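What follows is a single structure, written as structure tokens, with notes after it.
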Amino acid sequence: MDSQAIKNRLQKNIKKLKSYVQKNGIEAYRIYNKDIPEYPYQIDIYGSDAVIYEQGKRLDEEEAPIRIQHQKDIEIALQETLGIAPEKQHFKIRQKQKGNEQYKPLVPGSDEYFTVNEPPFKFWVNLERYLDTGLFLDHRPLRQHLFTTTKGKNVLNLFSYTCSLSVAAAKGGATVTSIDMSRTYLDWGMENFSLNDLDPKAHRFIQADVLKELQFMLEAKVKFDVILLDPPSFSNSKRMEEDLDIDRDHPILVRDCMNLLTPEGTLYFSTNKRKFELHRIISSAYDCKEISQWTIPQDFHQSYIHQAFTLKRKPSNPEG
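For the sequence shown, my numbering assigns the number 644 to the last residue and increments by one with no breaks.
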């Protein structure tokens with residue numbers, strides 16, 4: 325196996341995605357997703373750069389040279405197919421993270437932020453400092469959907485990260501409250517608002533333990549027309565009073581969100597937990613629809629990267 329194999333697959337994928345990318349004017353998208361078993365990588369394009377992810381594992385003496393050769397093959401293939409120079413290729417290793425490791429810089433002090441277009445939006449990304457870049461590419465269709473459906477609505481975005489979903493709703497005319505544990509990501513989110521000609525002061529950005537803040541809002545009887553819930557699969561961050569396990573905790577989390585909705589409101593619930601199953605308590609209590617068939621974009625169509633649902637109150641269920 326040499327660089328020609330990965331090069332051929334990249335050329336095939338580029339041809340397949342070319343019209344989709346050009347039609348939508350997007351600059352950030354996935355071009356390769358473990359297509360060839362011998363090259364178990366994920367490659368995302370960000371303008372003239374590429375981020376290459378490998379699933380982390382301990383390598384033995386025989387495997388280490390293979391990884392080095394794979395990286396050389398990918399470097400050559402990306403340069404020859406997309407003109408991306410090696411210095412603009414960012415190799416990263418995905419490993420299971422504990423606590424607040426997801427918030428820790430991989431490269432402290434790396435402030436090389438730049439913008440990518442996803443019309444009608446623009447977003448700041450950083451390809452070096454953190455494991456993730458600041459933009460979840462697989463939520464592109466949901467951003468477009470929120471832009472066209474939330475005008476005049478009051479929207480709550482939980483676990484908001486860098487607030488790309490908040491930007492989409494606000495750009496569409498919604499008033500948005502974004503909640504995340506990380507001040508860094510909320511500040512990043514406010515920069516995204518400004519980048520999109522949105523006044524951050526017209527919206528709310530709350531640094532808090534989401535689970536605790538939900539209880540405050542329930543006690544205050546606050547109501548929202550739309551709630552966005554995209555929690556981590558697991559978190560035991562020191563910033564949270566309790567750990568979070570999405571399999572175990574989603575029934576309570578969903579119920580609390582449903583009780584914050586207006587009678588006609590909608591909860592968008594998404595998870596990237598593999599083999600996730602919505603608890604029957606939730607599926608029987610609410611009007612639930614899986615929407616993954618349209619929330620997963622074309623560049624991710626062969627990967628089951630997330631599951632997404634809409635939940636509404638049943639007519640006979642005014643309170644969840």
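By construction, the Cβ of each residue, glycine as well, lies at the ideal position given by its N, Cα and C atoms.
On a predicted model such as this, the values are computed, not experimentally measured, just so you know.
Delimiting residues of the alpha helix (DSSP H) encompassing residue i
i	result
Ile-605	604–609
Ala-494	488–495
Arg-645	Residue 645 is absent from the structure shown; the chain starts at 325 and stops at 644.
Thr-619	616–619
For residue i: DSSP bridge partner residues
i	result
His-414	Val-375
Val-500	Val-479
Thr-439	Trp-448
Arg-637	Tyr-610
Asn-348	Asn-348 is not bridged to any residue.
Ile-551	Leu-480, Leu-591
Leu-585	Phe-548
Gln-631	Thr-595
Residue i (DSSP reduced to helix, strand or coil)
i	result
Gln-626	coil
Gln-395	helix
Asp-359	coil
Arg-354	strand
Leu-577	helix
Asn-424	At Asn-424, the pLDDT of 47 sits below 50, so the modelled position is not reliable and the matter cannot be decided from this model.
Lys-562	Because the pLDDT of Lys-562 is 43, which lies under 50, any placement of that residue in the model is unreliable, and the number read from its coordinates should be weighed accordingly. Here Lys-562 sits in coil by DSSP.
Ala-409	coil
Arg-333	helix
Glu-387	helix
Limits of the beta strand (DSSP E) - the one that residue i falls within
i	result
Phe-529	528–531
Tyr-509	It is not in any beta strand (DSSP E) - Tyr-509 instead sits in the alpha helix (DSSP H) that spans 507–519.
Gln-366	365–370
With 16 other Cβ atoms within 10 Å as the buried cut-off, status of residue i
i	result
Asn-409	This sequence places Ala at residue 409; Asn is not what is there. Classification for Ala-409: exposed.
Gln-631	buried
Asp-580	buried
Glu-425	Any reading at Glu-425 must be qualified, since the residue scores a pLDDT of 48, below 50, and its modelled position is unreliable; no value is offered.
Ala-374	buried
Gly-497	exposed
Val-356	The displayed chain sequence assigns Tyr, not Val, to residue 356. Buried, since its Cβ has 16 or more Cβ neighbours within 10 Å.
Asp-567	exposed
Glu-411	exposed
Pro-639	exposed
Val-546	exposed
Trp-448	buried
Ala-493	buried
Supposed close pair residue i, residue j - CB separation, criterion 8 Å
i	j	result
Asp-646	Arg-354	Any property of residue 646 remains undetermined from this structure, which presents the chain solely from 325 to 644.
His-414	Ile-360	20 Å between Cβ atoms; not a contact.
Near the ligand SAH: residue i beta-carbon under 7 Å from a heavy atom
i	result
Leu-584	The ligand SAH is not among the ligands present in this structure, which contains no ligands whatsoever.
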